[in-house]
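Protein chains in written order, with my numbering: chain A, 1 to 173; chain B, 1001 to 1173; chain C, 2001 to 2173; chain D, 3001 to 3173.
Backbone N, C-alpha and C fix where the C-beta goes; we use that ideal spot for every residue, glycine too.
4 protein chains.
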Amino acid sequence: METSLELFATRGFHNTSISQIAKTAGVSKGLMYNYFNSKDDLLKAILLGAYEESAEMITKKLDSPDTPQEQLEQIIQQVLFTLKNKSKHWKLITALSFQEDAKHFLRKDLKPKQEAIIQQFTRIFKEMGYDNPLEEAYLVGGMLDGMSLNYMTIGEAYPIDKISQFLIQRYCL
Amino acid sequence: METSLELFATRGFHNTSISQIAKTAGVSKGLMYNYFNSKDDLLKAILLGAYEESAEMITKKLDSPDTPQEQLEQIIQQVLFTLKNKSKHWKLITALSFQEDAKHFLRKDLKPKQEAIIQQFTRIFKEMGYDNPLEEAYLVGGMLDGMSLNYMTIGEAYPIDKISQFLIQRYCL
Amino acid sequence: METSLELFATRGFHNTSISQIAKTAGVSKGLMYNYFNSKDDLLKAILLGAYEESAEMITKKLDSPDTPQEQLEQIIQQVLFTLKNKSKHWKLITALSFQEDAKHFLRKDLKPKQEAIIQQFTRIFKEMGYDNPLEEAYLVGGMLDGMSLNYMTIGEAYPIDKISQFLIQRYCL
Amino acid sequence: METSLELFATRGFHNTSISQIAKTAGVSKGLMYNYFNSKDDLLKAILLGAYEESAEMITKKLDSPDTPQEQLEQIIQQVLFTLKNKSKHWKLITALSFQEDAKHFLRKDLKPKQEAIIQQFTRIFKEMGYDNPLEEAYLVGGMLDGMSLNYMTIGEAYPIDKISQFLIQRYCL
DNA sequence: AATGAATGAGAGTTCATTCAT
DNA sequence: TATGAATGAACTCTCATTCAT
């Protein structure tokens, strides 16, 4: 699964063959089918793992008792941390979200998570006294998505730390 | 090329066969190879077309003699307009930017365009008297990217007009 | 289709690979899929051909205006002729009738044909004044089936001509 | 072996995997290879068992001291009994007899048995005073084969009891 | 005696590409 | 210019068989 994630994320799902995965992982092609019924099955297993590992990280600290500013900062830091540590998971998920056939599977689980984050943002901005908390939430949410997109495609060449630091300074201090 | 773009964008490059394109376009498989040396070649031709049609739209009005605020609004409107009218182009480009092997080709042309926009933003924010014009430019640029990402994957369910309106109101009025 | 029939009939459907057929027929594996969507499709095409060519031969002369004895002889001769000239078709069909999954397809077309023959026999025996025409029909029908079975599996070593001659002499003279 | 016979007869040899047999029989795949060197070996063992159990049944009562008519009836009854009680064995054997590569193995043992029956029939018909005892033997033998074929492929829908009863009445009473 | 993880050859199938027409 | 029959490499997947335990 690790090798698969690695290859799926860097070369794309359809661009990665089972043979390739098996050879890279140092096992036989046949063995893969002892653990996963199909290539799609393997993908699903990886995505499920990604959800449990990453999506949870993003939402786990949201109900802490801090000030709205601190909460917002925590979420941003959390997104940043997840993005850096689980970049392959997110790269894969984002890439798949462009494929019509994979969408159905992703939508089911991905959408609620996204909406939960937007709701958190909205609540926080409301507590911070903003006039249009929902719109502000969408702005910041979009900002984080855009930041992620750039980091995922460009990688370390994208000055993610400086930007996120500026974002925090802008909204939380 | 039109049919190819349509299919590549909705079904994915690897998920679309030459036969499929030919049949949809109403020509023979063989004829395609009179105009394009390979499937990759066809993709490159489409991407080049996409650049000429879309990327240009984004940058064309930047040297107009308006106020910085008006210039910023114009760029945002331009991005919005392009996103809506050339959504297939951008969907394809963005989806491909996740694949390591396609990156080389894209990077070459895509990066300068992106940097040009960031520079425009930076100049504008400097003229508007912002303290950290570069960082501010990255924020707004990221915001537009995030907005685009959401629109490309979610589609009309994403309230792109309301959000972009709010963005303009926030920065330009 | 000719090569496929040959191989399916002698080696069995599951025992014959597409590669084998293609190589024997002197074409590429890929070409097979220009004409047949799948191996099953190929089999169906062959079986349909078999029906049109053979089953028809068996029933075509049944409404001739001869005496019952002559009619019976004609049917027997027809079966014999078909068996000898289309032995591969019948070998394949009979072999398949043992496979649970092929049965559905075969039953649909095969059963009516069989019943038609039994009915012809019954009518003939009734006209010939037999006491139990239906039972007699089943006997002769079974006899022909058994004769076919032996001829299909043993081949020329089975004295089919002598036996059918005796059968005719027994019932028709 | 029991499970294998069951599966081979109903689903076909090539359609039945070792895994399937092992799972159905409740043992491990590996264990099967402690008792049989290969899948072919397993098939041979089953076929040998089939011969010992079934073919013997058919011939065992032939040298009884009854009248020819009674002997003939006994053989027919025996075939009928065997067919009904060992239908899976015969189904498998008959299905295999269509495959060129299995033939060699089957021919060796099957042919003598068949010829023995024909000889018995011939002797009986000679004792009964028939003019062409050998031909008559072939007719009745073929009749039994045809009856078996129909019963094996159609199953209970084939009126085997009525037909065999009529056959007995025809020749033995 | 018994297991099942592991292998690899080979199955059916797809598809980018070529080329005679 | 235009076709589509033909190819062959590569794909996903299956399964008989082996072997360390």
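Residue i in three-state terms, based on DSSP
{"i": "Met2001(C)", "result": "coil"}
{"i": "Pro3159(D)", "result": "coil"}
{"i": "Ser1019(B)", "result": "helix"}
{"i": "Val2027(C)", "result": "coil"}
{"i": "Gly3142(D)", "result": "helix"}
{"i": "Phe8(A)", "result": "helix"}
{"i": "Thr1153(B)", "result": "helix"}
{"i": "Ser1164(B)", "result": "helix"}
{"i": "Asn132(A)", "result": "coil"}
{"i": "Phe1081(B)", "result": "helix"}
{"i": "Leu72(A)", "result": "helix"}
Endpoints, the alpha helix (DSSP H) within which residue i is located
{"i": "Ser3174(D)", "result": "Because chain D here runs from 3001 to 3173, residue 3174(D) falls outside it and cannot be looked at."}
{"i": "Phe3105(D)", "result": "Glu3100 to Glu3127"}
{"i": "Asp1040(B)", "result": "Lys1039 to Ala1050"}
Residue nearest to residue i in terms of C-alpha spacing, selected from the options
{"i": "Gly141(A)", "options": "Asn34(A), Ala116(A) and Glu52(A)", "result": "Ala116(A)"}
{"i": "Tyr2138(C)", "options": "Arg3123(D), Leu3149(D) and Pro3133(D)", "result": "Leu3149(D)"}
{"i": "Phe3008(D)", "options": "Lys3088(D), Pro3133(D) and Ser3164(D)", "result": "Lys3088(D)"}
{"i": "Gln114(A)", "options": "Glu100(A), Lys91(A), Pro133(A) and Val79(A)", "result": "Val79(A)"}
{"i": "Gly2012(C)", "options": "Leu3096(D), Tyr3158(D), Asn3132(D) and Tyr3171(D)", "result": "Leu3096(D)"}
{"i": "Lys231(A)", "options": "Ala50(A), Phe105(A), Arg123(A) and Gln77(A)", "result": "A query on residue 231(A) cannot be resolved here, the shown segment of chain A reaching from 1 to 173 and no further."}
{"i": "Leu162(A)", "options": "Lys44(A), Val27(A), Thr153(A) and Gln77(A)", "result": "Checking the sequence shown, residue 162(A) turns out to be Lys, not Leu. Closest option to Lys162(A), Cα to Cα, is Gln77(A)."}
{"i": "Lys2039(C)", "options": "Ala2102(C), Thr2094(C), Gln2071(C) and Tyr2171(C)", "result": "Ala2102(C)"}
{"i": "Glu1156(B)", "options": "Glu1127(B), Leu1106(B) and Lys1084(B)", "result": "Lys1084(B)"}
{"i": "Phe3036(D)", "options": "Asp3066(D), Thr3016(D) and Met3001(D)", "result": "Met3001(D)"}
{"i": "Thr2010(C)", "options": "Gly3030(D), Thr3016(D) and Glu3100(D)", "result": "Glu3100(D)"}
{"i": "Gln1169(B)", "options": "Leu1072(B), Asn1015(B) and Leu1106(B)", "result": "Leu1072(B)"}
{"i": "His1104(B)", "options": "Ile154(A), Thr122(A) and Lys44(A)", "result": "Ile154(A)"}
Same chain only: Cβ atoms within 7 Å of residue i, ignoring 5 sequence neighbours per side
{"i": "Ser2004(C)", "result": "Ile2021, Leu2042 and Ile2046"}
{"i": "Glu1136(B)", "result": "Phe1125 and Tyr1130"}
{"i": "Pro165(A)", "result": "It should be noted that the sequence gives Gln, not Pro, for residue 165(A). Excluding sequence neighbours, Gln165(A) sits near nothing in its chain."}
{"i": "Lys2029(C)", "result": "Ile2018, Ser2019 and Ala2022"}
{"i": "Asp109(A)", "result": "Tyr51"}
{"i": "Glu6(A)", "result": "Lys88"}
{"i": "Leu1134(B)", "result": "Thr1122"}
Beta-carbon proximity list for residue i, same chain, < 6 Å, skipping 5 on both sides
{"i": "Ala3025(D)", "result": "Thr3003"}
{"i": "Ile2118(C)", "result": "Ala2137 and Gly2141"}
{"i": "Asp3066(D)", "result": "none"}
{"i": "Tyr2158(C)", "result": "Asn2150 and Tyr2151"}
Cutoff 8 Å; reference residue i; Cβ partners in own chain excluding five residues on either side
{"i": "Leu1094(B)", "result": "Correcting the residue type first, residue 1094(B) is Thr in the shown sequence and not Leu. Answer for Thr1094(B): Ser1148, Leu1149 and Met1152, listed in chain order."}
{"i": "Leu1173(B)", "result": "Gln1069"}
{"i": "Met1143(B)", "result": "Leu1167"}
{"i": "Met2032(C)", "result": "Ile2018, Ile2021, Ala2022 and Leu2042"}
{"i": "Glu127(A)", "result": "Pro68"}
{"i": "Leu3106(D)", "result": "Leu3047, Ile3093, Leu3096 and Ser3097"}
{"i": "Lys44(A)", "result": "Phe105"}
Q.
Under 8 Å, CB to CB, which of the residues in the region 1076–1107 of chain B have a partner in chain A?
A. Under the 8 Å Cβ criterion, the region 1076–1107 of chain B contributes Lys1091, Thr1094, Ala1095, Ser1097, Phe1098, Gln1099, Glu1100, Asp1101 and Lys1103.
Next item on the list: Compile a chain-ordered list of the residues in the region 1151–1168 of chain B whose CB is closer than 8 Å to at least one CB of chain A.
Entry: Only those residues of the region 1151–1168 of chain B whose C-beta falls short of 8 Å from the nearest C-beta of chain A are listed: Met1152, Thr1153, Pro1159, Lys1162, Ile1163, Phe1166 and Leu1167.
- request: Give, in chain order, every residue of the region 26–49 of chain A whose Cβ lies closer than 9 Å to some Cβ of chain B.
  value: Per Cβ criterion, the list is empty.
TODO: Determine which residues of the region 115–138 of chain A have a Cβ less than 7 Å from any Cβ of chain B, and write them out in chain order.
DONE: Hits within the stretch, in order: Asn132, Glu135 and Tyr138.
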